[in-house]
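A.B. asks:
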Amino acid sequence: MGDAQNDTGVPPWLEDSGPGDAPASDWTASLLEDLTEPQRRAVLHTEGPLLVLAAAGSGKTRVITRRIAYLVGCGVPAWSILAVTFTNKAAGEMRERVERLLGGAGSRSGRGLTVTTFHSLCARLLRRYAEQAGLRPDFSIYDSGDQSALVKKVIESLQLSTANFPARSVLSAISAAKNDLLDAKGYAARAIDFSGRTIAKIYAGYERALRGANAADFDDLLLLTARMLRENEAVAGELRQRWQYLLIDEYQDTNKAQFVIASGLAGKGRPDTRGPNICVVGDPDQAIYGWRGADITNILEFEQAYPGCEVITLGENFRSTAPILAVADKLIRHNARRKHKDLFTKRSGGQPVEAVLCRDERHEAKLVVDWLRSLRDASGTGDGVRAGHAWKDMAVFYRTNALSRVMEEAFREAGVPYTIARGTAFYEREEVKSATAYLRVIANQADDVSLGRIINTPARGISDATVARLESRAAETGVPMMSALRELADSPALAAPMGLTPRAAASVQRFVGLMNSWTGAGSFMGEQITGSLADLVDRAIKESGLEDMYRKQARQSQSETDAERLDNLAELVSSARQFEMEYDPAADAALDGSADGTPPLLAMLRAYLESIALVSDADTIDPALGSVTLMTLHAAKGLEFAGVAIVGLEEGLLPHARALSSGNPDDMEEERRLCFVGVTRAMRRLLLTSAKYRTIRGASERTTPSRFLAEMPQEHLAVRDLAGDDTQWDPGPEFEPDVAVARKKSEVAGMFPPGCLVRHPQFGVGTVKSLTGGAQARALIDFRDVGVKTLILEYARLTKLR
DNA sequence: CAACGACGCTCGAAA
DNA sequence: AGCGTCGTTG
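Note that our numbering has the first sequence beginning at 111, numbered continuously upward.
Written as structure tokens, this is what we have:
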């Protein structure tokens, strides 16, 4: 490509001894110790494209880290190596492991080595080359909530109904298009029916709104970077010049945008070599992000994309016991569209995999907790069996987040320490979301979505009607909301023609004054506010009145959650303080080029907000906490635990109902791979459970055990049926409902009048507070033990006592 | 203008 | 069971 440096041949640092003739120091030799032959070949392959097909548990991370260390050992500067992983957590661990390996090399250093995720990398590149990408460096990153707020506004502005075009499905269409590098114009060209053409219009409006708000959604991070690398040769050349060695992990889960980014960064390599130094690592059997646009052909056709590339297969499993591996192997063989691959281990022995059929989800949860406890209590007997496992070496996986709740209750009840891996959970709390919205508007005044969140939170006399008027004013003049607010604050005479009362105008003026006190009129006064990030966060929370608002609420309601909210706000301040301590402005500037006179505090604020936006679920896991990890099967990718329980192996759950109803065999195969990923996380013990009855949307439903259980080798499964037969579970005469199928409120009104005493098989005795609903009757019941619940009478097994 | 209750709809995985 | 919307009330 147009990279002049590439034509000059060997880069300067390789002139004396290229990696071709490896330095035979003790240290580099030690990097090859205890590796298998294929692992060693992967480490030693330094120049030209390389595809490593790494089966689950085949020592992939070990190979990657050794290979990076080896490159550095060969004289490749660490700053010219870029490694892309799937989560920040994985990136951090990889960097640490490489540094530990390099530490053994004395003076050698990993300084400047970049290990990051696709999304973080792209965010940084877009800040550095904002202008070339069509953004400004202070752009906001919009999460799903922000996206849906924005797209709803667009749908309304187009006079469409969110009933016909639900934000959710419109956004998933837009996301799919973006992952496929299709812009609104391209989408419109392909639209064939009314719905498609309308979505194309919404897409176009949504893009306009995003750019107007100086914001990028998650998909934009990839899309805009891919487009920039493709269209801007100067930028692409500069980056290729810097990163001569590229390594991408979990390559099977990359989408088209990521493919374009990877190949854009790799370039074509110098003509006299075997091609660019791009190494991709992955396993087609663990491809589980098809719904996010991941294209498995990226890895399957890597050889065609990079002719002459070396392919190394790592097949031997070092992680799991023989029975666990046998279960995984037999299961995944049911996928028809698959490159045949043998999973094997030299280990023998190991406990059989356990499968238990439970009565319901509560029973299941309790059983899982008991099982984990037994793993921990297992005593190290004399026969070489190791002693009990620590909580941190155990995990529970589930298909959907909804299942975490029952598990959580069971853990709490049993007093077993647990952590739910949900990285964004904290930042999704209402109070935290409001606080960060203030910060986001401070960093990016065009951020209309964040502004909309805080303009009247806490209540400051700016009503919805006022906001609507300001919004239409902004839309008319084509400026961000904040500009309209400023305009009004500067010329109060505008209030009357806009239809605003003087009181409303005064409220707006006060709000603008508040914002200005943090930012200066429109331009961030970082130069003056040289204080700390934590102080800024603290000030925003206090001076906005957010803290007072929750303090008042906490006093009034005396409720736990309101006190919690105050704690969370304090927690946010300390997270900012933590970030501040670990923040390295030099490293930040090196990657995003923000040393261009950006006020230091603003640069740090941007980096902080970015880190918040890009946390992943797996990032939450901290072995030091010493707790059992609860997470989705998707989040479990790349991890391993001594003991694993997978719950909810039922038709409709795993495989998920959507895969059942789509009729697309690819969907079913992805579900199977998901199950496979879960199974192969287990090192020593594995428990698979299903519940015969599961509460779905408030109603208990009969389930069928997952087909995946039947597909596993029964000789390696120890199956227990604890669900009993139907007569045991069916509600006996005592629980016979007074109303079998009562659909309408009018039909039950006389039967359960407010104040009457009832018994529920699960919740116990309670008093009916009120009856609601029309076509679907519901009762609000205050139960003595569990508090107030709303029950759908059609399903509730209620006995009237008095 | 804010707060709350009632009602009806939908319901997957995530950076 | 949770969420958004609508209508009523404070």
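By construction, the Cβ of each residue, glycine as well, lies at the ideal position given by its N, Cα and C atoms.
Can you tell me whether Glu637 is buried or exposed, with buried defined as 16 or more other CB within 10 angstroms of its CB?
C.D. replies: Residue placement at Glu637 is flagged as unreliable, the pLDDT there being 48, under the threshold of 50; the coordinate-derived value follows with that caveat. By the neighbour-count rule (16 or more Cβ atoms within 10 Å), Glu637 is not buried but exposed.
A.B. asks: What does DSSP give as the partner residues of Asp727 in its beta bridges?
C.D. replies: According to DSSP, which records beta bridges pairwise, Asp727 is partnered with nothing at all.
A.B. asks: Could you tell me how far apart the beta carbons of Ala179 and Leu424 are, in whole angstroms, since I believe they sit closer than 8 Å?
C.D. replies: So it is not a contact: roughly 18 Å between Cβ atoms.
A.B. asks: Can you tell which of Leu477, Val542, Lys449 has its C-alpha closest to the C-alpha of Arg675?
C.D. replies: Selected option, being the one with the closest Cα: Val542.
A.B. asks: Which stretch, first to last residue, makes up the alpha helix (DSSP H) that contains Ala545?
C.D. replies: 540–553 is the extent of the alpha helix (DSSP H) around Ala545.
A.B. asks: With distances taken Cα to Cα, identify the nearest neighbour of Met691 among Asn678, Ser642, Thr730.
C.D. replies: Ser642
A.B. asks: Is it buried or exposed, Arg782, if we count other Cβ atoms within 10 angstroms and call 16 or more buried?
C.D. replies: So Arg782 counts as buried.
A.B. asks: Report back the beta-carbon spacing between Ala728 and Thr197 to the nearest angstrom; my notes put them in contact at under 8 Å.
C.D. replies: Between Ala728 and Thr197 a beta carbon distance of about 5 Å is seen, short of the 8 Å cut, so the two are scored as contacting.
A.B. asks: Tell me, please, which residues DSSP counts as bridged to Lys910.
C.D. replies: Val868
A.B. asks: Please classify Asn365 as buried or exposed, where buried requires at least 16 neighbouring CB atoms within 10 angstroms.
C.D. replies: Asn365 is buried by the Cβ-count criterion.
A.B. asks: Looking only at its own chain, which residues have a Cβ that is under 8 Å from the Cβ of Lys456, when we skip the five neighbours before and after it?
C.D. replies: Glu426
A.B. asks: Spell out a yes or no on whether the segment 329–347 and the segment 174–190 are touching, meaning 3 or more CB-CB pairs, one atom from each, closer than 8 Å.
C.D. replies: no
A.B. asks: Whose C-alpha, out of Ser168, Lys747, Tyr313, is nearest the C-alpha of Arg429?
C.D. replies: Ser168
A.B. asks: What separation, rounded to the nearest whole angstrom, lies between the Cα atoms of Thr529 and Glu519?
C.D. replies: Using only the alpha carbons, I get a separation of about 12 Å.
A.B. asks: Leaving out five residues before and five after Asp290 in sequence, what residues of the same chain have Cβ atoms less than 6 Å from its Cβ?
C.D. replies: Lys366
A.B. asks: I'd like to know whether the C-beta atoms of Leu375 and Leu357 end up nearer to each other than 7 Å.
C.D. replies: no
A.B. asks: When you compare each of Phe751, Phe786, Gly459, Gly385 to Leu759 by their alpha carbons, which one comes out closest?
C.D. replies: Phe786
A.B. asks: Would you call Lys263 buried or exposed, if buried means 16 or more other Cβ atoms sit within 10 Å of its Cβ?
C.D. replies: When all chains shown are included, Lys263 counts as buried.
A.B. asks: By the three-class DSSP mapping on this structure, what secondary structure does Gly753 have?
C.D. replies: strand
A.B. asks: Can you tell me whether His914 is buried or exposed? The criterion is at least 16 other CB atoms within 10 Å of its CB, across all chains shown.
C.D. replies: The chain is shown only over 111 to 912; residue 914 falls outside these bounds and no answer can be derived.
A.B. asks: Please say whether Val757 and Leu796 have beta carbons closer to each other than 7 Å?
C.D. replies: no
A.B. asks: Find out if the Cβ-Cβ distance for the pair Thr629, Ile552 is shorter than 7 Å.
C.D. replies: yes
A.B. asks: So, is Asp677 buried or exposed, given that buried needs 16 or more other C-beta atoms within 10 angstroms?
C.D. replies: exposed
A.B. asks: Could you pull the DSSP bridge partners for Met741 from this structure?
C.D. replies: Phe507.
A.B. asks: Give the single residue among Gln824, Val875, Arg515 whose Cα lies nearest to the Cα of Val437.
C.D. replies: Gln824
A.B. asks: Would you grab the beta carbon distance between Asn324 and Ser279 for me? Rounded to a whole angstrom, and I think it's under 8 Å.
C.D. replies: No, Asn324 and Ser279 are not in contact; Cβ-Cβ is about 27 Å, not under 8 Å.
A.B. asks: Quick one: grab the DSSP three-state call for Phe919.
C.D. replies: Any question about residue 919 goes unanswered here, given that the chain covers just 111 to 912.
A.B. asks: Are the CB atoms of Tyr355 and Ile191 nearer to each other than 7 Å?
C.D. replies: In this structure, Ile191 lies closer than 7 Å to Tyr355 by Cβ.
A.B. asks: Taking the alpha carbon of Ala644 as the point to measure from, which residue in Ala547, Phe689, Tyr548, Val875 has its own alpha carbon closest?
C.D. replies: Of the listed residues, the one whose Cα sits closest to Ala644 is Phe689.
A.B. asks: Using three-state DSSP, classify Glu760 as helix, strand or coil.
C.D. replies: strand
A.B. asks: Quick check: the Cα distance between Asp470 and Tyr803, rounded to an integer number of angstroms?
C.D. replies: 5 Å
A.B. asks: Write down the C-beta distance between Val194 and Asp303 rounded to the nearest angstrom, noting that I regard them as a contact closer than 8 Å.
C.D. replies: Contact flag wrong, Cβ pair sits at about 38 Å.
A.B. asks: Looking at C-beta atoms only, is the number of pairs between the segment 196–211 and the segment 370–389 that lie closer than 8 Å three or more?
C.D. replies: no
A.B. asks: For Val421, is the classification buried or exposed, using 16 other Cβ atoms within 10 angstroms of its Cβ as the cut-off for buried?
C.D. replies: exposed
A.B. asks: What are the boundary residues of the beta strand (DSSP E) that Asn387 is part of?
C.D. replies: Unbroken beta strand (DSSP E) run through Asn387: 387–392.
A.B. asks: Taking the beta carbon of Arg863 as the centre, do at least 16 other beta carbons fall within 10 Å, making it buried, or is it exposed?
C.D. replies: Residue identity differs from the one stated: residue 863 is Pro in this sequence, not Arg. Exposed, because fewer than 16 other Cβ atoms sit within 10 Å of the Cβ of Pro863.
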